[in-house]
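This report concerns only the one structure given below.
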Amino acid sequence: MNIFRLAGDMTHLASVLVLLLKIHTIKSCAGVSLKTQELYALVFATRYLDIFTHFISIYNTLMKLIFLGSSFSIVWYMRRHKIVRRSYDKEQDTFRHLFLILPCFLLALVINERFTFKEVMWTFSLYLEAVAILPQLVLLQRTRNIDNLTGQYVFLLGGYRALYILNWIYRYFTEQHFVHWITWISGLVQTLLYADFFYYYFHSWKNNEKLQLPA
Amino acid sequence: SSNDDVKDEL
Numbered sequence: 013m014n015i016f017r018l019a020g021d022m023t024h025l026a027s028v029l030v031l032l033l034k035i036h037t038i039k040s041c042a043g044v045s046l047k048t049q050e051l052y053a054l055v056f057a058t059r060y061l062d063i064f065t066h067f068i069s070i071y072n073t074l075m076k077l078i079f080l081g082s083s084f085s086i087v088w089y090m091r092r093h094k095i096v097r098r099s100y101d102k103e104q105d106t107f108r109h110l111f112l113i114l115p116c117f118l119l120a121l122v123i124n125e126r127f128t129f130k131e132v133m134w135t136f137s138l139y140l141e142a143v144a145i146l147p148q149l150v151l152l153q154r155t156r157n158i159d160n161l162t163g164q165y166v167f168l169l170g171g172y173r174a175l176y177i178l179n180w181i182y183r184y185f186t187e188q189h190f191v192h193w194i195t196w197i198s199g200l201v202q203t204l205l206y207a208d209f210f211y212y213y214f215h216s217w218k219n220n221e222k223l224q225l226p227a
Numbered sequence: 025s026s027n028d029d030v031k032d033e034l
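Structure (structure tokens):
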């Protein structure tokens, strides 16, 4: 495992911890999109189908369990926890899941490396992860006051994607790593979705202002 | 196999 991959995974882990910290400690999920969280739960559930049948390393299994556990517990908190659910911006979080899930599923049926159940599900999870942040970005744009933790959560998620691209470039040159165009293209699309957010994040950081996205 | 090597990623 190279340094970019490890840094990417740790950034991903940090993003989840920041979100859990906000929800668990402050008992608030204001500004967090439940739609995006449900999509991530679906992404991990469909990607890690072989978690107990295909062993890679203890690190790998542990991280998979963390991502599965954290995504489902965040969804549970936002839907069921009697205090946390009150802070959910339901009226603002209106993005339709199905507009993302259905096209991703159809695309996975058509464009995949092997037409098997596991492979189609794995491909679907890659396509869905690429666009799963969209409801969150739409919600951020509608929310006038983005709190620090929510801003950091999205920033860390975007950072994780950027580091994965460096990881693929590194692997390409050092390991004769087989190029999976599906992984590369959906990963690139996903990272580009954060470009706009990054621009305003750095802008507010540089000027020491509160993060606000233009309407 | 080459198809599996990318699946060591999360």
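Quick note, the sequences are listed as chains A and B, same order.
So in the working numbering, the last spot in the first sequence is 227, and the numbers never skip.
So in the working numbering, the last spot in the second sequence is 34, and the numbers never skip.
Ideal placement from N, C-alpha and C gives every residue a C-beta, glycine not left out.
Given the structure is predicted, the values throughout are model-derived calculations rather than measurements.
Closer than 7 angstroms, CB to CB, is residue i near chain B or not?
i                : result
LEU18 (chain A)  : no
MET22 (chain A)  : no
MET133 (chain A) : no
MET75 (chain A)  : yes
Give the residues from the stretch 46-72 of chain A that approach chain B closer than 7 angstroms (Cβ to any Cβ), ordered along the chain.
-> Of all residues in the stretch 46-72 of chain A, those with a C-beta nearer than 7 angstroms to a C-beta of chain B are ILE68, ASN72, reading in chain order.
Three CB pairs or more closer than 8 angstroms across the stretch 29-47 of chain A and the stretch 183-200 of chain A = The stretch 29-47 of chain A makes no contact with the stretch 183-200 of chain A, as fewer than three CB pairs between them are under 8 angstroms.
The stretch 141-157 of chain A touching the stretch 122-129 of chain A, judged by at least three CB pairs closer than 8 angstroms = Not touching, per the Cβ criterion.
Under 9 angstroms (Cβ pairs) to chain B, residues found in the stretch 78-97 of chain A | Answer in chain order: PHE79.
Which residue spans inside the stretch 44-125 of chain A form an unbroken alpha helix (DSSP H) run of at least 4?
-> Entirely contained in the stretch 44-125 of chain A, the alpha helix (DSSP H) runs reaching 4 residues are, in chain order, 46-59, 70-92, 110-122.
Alpha helix (DSSP H) runs contained entirely in the stretch 180-218 of chain A, provided each spans 4 or more residues = The stretch 180-218 of chain A contains these whole alpha helix (DSSP H) runs: 193-204, 207-218.
Counting Cβ pairs closer than 8 angstroms, one from the stretch 50-64 of chain A and one from the stretch 108-120 of chain A, do we hit at least three?
-> Verdict: yes, contact present.
contact_flag[the stretch 62-80 of chain A, the stretch 173-187 of chain A] where n(CB pairs < 8 angstroms) is 3 or more = No, because fewer than three Cβ pairs between the stretch 62-80 of chain A and the stretch 173-187 of chain A fall closer than 8 angstroms, the two stretches do not touch.
With contact counted as at least three CB pairs below 8 angstroms, one residue from each stretch, are the stretch 80-93 of chain A and the stretch 159-171 of chain A in contact?
-> Fewer than three Cβ pairs drawn from the stretch 80-93 of chain A and the stretch 159-171 of chain A lie within less than 8 angstroms of each other, which leaves the two stretches out of contact.
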